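Protein chains in written order, with the working numbering: chain D, 565 to 731; chain E, 348 to 458.
Report on the following structure.
Below, the structure is given as structure tokens:
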């Protein structure tokens with residue numbers, strides 16, 4: 565059974581049980597038919613078929629257990645295999661571990677920076693209302709220069725619509 | 348594995364089921380049980396309670412695969428087919444079985 569099916573089965577236990585029910589019902593029906601053909605009445609045949617089929621509840625439990633055991637079993641085998649390979653070729657394994665840690669580390673750094681730069685809000689109460697005040701001196705071809713300290717103080721004192729937060 | 352009796356009996360059932368499936372294109376569980384009884388001249392009786400757990404275990408292990416189909420009398424049934432892994436497994440189990448029975452036979456005859 566492909567791994568995907570097995571994985572999906574974990575989440576659709578009820579429908580898998582439905583499948584089992586259908587399969588077992590089919591078996592009991594077929595047995596009943598067989599006994600009827602051999603000369604039993606329908607009722608006798610049904611009783612005999614149920615008895616012959618054995619304890620179906622136990623069977624269903626077993627099947628469920630089989631699925632879960634296989635899952636645990638293969639996980640355990642994978643772990644043992646991994647450990648054994650590590651012991652057999654520690655160099656290769658260490659190389660893989662180092663490569664992975666460098667890769668994951670670099671990724672974490674990049675995403676941390678991106679997070680800080682793009683996603684986290686600026687450290688001001690309402691960042692969408694921030695404005696930058698700059699001086700443009702068109703005659704001298706100077707644009708976007710920072711205002712001088714006296715200019716800033718004047719602007720703060722005279723401003724009616726802006727709250728000074730930083731300079 | 349194979350240490351306790353239950354495992355050995357299960358292994359034998361697996362062997363029988365694989366052998367039956369290796370002779371046919373595809374079969375549903377009931378037909379497998381019938382065929383085992385018929386070929387063994389009713390000596391071996393396979394209960395649904397042990398057959399279906401075995402079939403499902405073998406499906407999980409990839410020895411057989413199953414599909415839903417329609418039976419000869421127009422009922423919905425699950426059909427089992429032996430896989431390549433199952434065939435290899437069958438060869439191993441058959442070899443193991445004949446080694447075991449011939450060893451037991453030798454002990455019984457010569458001890």
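All C-beta atoms in this analysis are idealised placements derived from N, C-alpha and C, irrespective of residue type, glycine included.
No experiment lies behind these values; they were computed from the predicted model shown.
- request: Counting only runs of 4+ residues fully inside the segment 388-418 of chain E, write out the alpha helix (DSSP H) ranges in chain order.
  value: Secondary structure within the segment 388-418 of chain E: the alpha helix (DSSP H) runs of 4 or more consecutive residues, fully enclosed, are 395-408 (chain order).
Item to complete: Would you kindly report the start and end of the unbroken beta strand (DSSP E) that includes residue 429/E?
Response: As a first step, residue 429/E is located in the second chain; it is residue number 82 there, counting from the start. Where residue 429/E is concerned, the enclosing beta strand (DSSP E) stretches over 423-429.
**Prompt:** Taking all protein chains shown into account, do 16 or more other C-beta atoms lie within 10 angstroms of the C-beta of residue 652/D, making it buried, or fewer, making it exposed?
**Reply:** Within the first chain, the letter at position 88 stands for residue 652/D. Exposed, since its Cβ has fewer than 16 Cβ neighbours within 10 Å.
*Pairing CB atoms from the segment 376-395 of chain E with CB atoms from the segment 584-593 of chain D, are three or more of them under 8 Å?*
Enough Cβ pairs lie closer than 8 Å, so yes.
Practice task
Check distances from the C-beta atoms of the segment 613-624 of chain D to those of chain E and list, in chain order, the residues that come in under 8 Å.
Solution key: 616, 617, 618, 619, 620, 622 and 623
Q | Assigned secondary structure, residue 703/D (DSSP; H/G/I helix, E/B strand, else coil) | A | Mapped onto the first chain, residue 703/D falls at position 139. Coil at residue 703/D, not helix or strand.
Item to complete: Kindly give me the distance between the Cβ atoms of residue 404/E and residue 630/D, rounded to whole angstroms, as I take these residues to be in contact under 8 Å.
Response: Residue numbering aside, residue 404/E sits at position 57 when the second chain is read from its first letter. Residue numbering aside, residue 630/D sits at position 66 when the first chain is read from its first letter. Residue 404/E to residue 630/D, Cβ: 4 Å. Contact.
Shorter than 9 Å from the beta carbon of residue 584/D to some beta carbon of chain E?
-> For this step, residue 584/D is matched to residue 20 along the first chain. So, interface residue.
Residue 708/D by DSSP, collapsed to three states: which one? Along the first chain, one-based indexing puts residue 708/D at 144. Residue 708/D falls in the strand class under three-state DSSP.
Check: Using a C-beta to C-beta distance shorter than 9 Å, which residues of chain E count as neighbours of residue 634/D?
Finding: Working through the first chain from its first residue, we reach residue 634/D at position 70. Result: 404, 407 and 408.
Item to complete: Give every residue of the same chain whose Cβ lies closer than 6 Å to the Cβ of residue 433/E, excluding the five residues on either side of it in the sequence, and list them in chain order.
Response: Sequence index remark: in the second chain, residue 433/E carries index 86 (1-based). Here the set comprises 365, 410 and 411.
**Q.** Three-state secondary structure (DSSP) of residue 374/E
**A.** Counting from one through the second chain, the residue named residue 374/E turns up at place 27. Strand at residue 374/E.
Can you tell me where the alpha helix (DSSP H) holding residue 636/D begins and where it ends? Counted from its first residue, the first chain places residue 636/D at position 72. Run containing residue 636/D: 620-652, per the alpha helix (DSSP H) assignment.
Whole angstroms is fine: what's the gap from residue 398/E's alpha carbon to residue 596/D's?
Taking the first residue of the second chain as 1, we reach residue 398/E at position 51. Taking the first residue of the first chain as 1, we reach residue 596/D at position 32. Those two C-alpha atoms are separated by around 17 Å.
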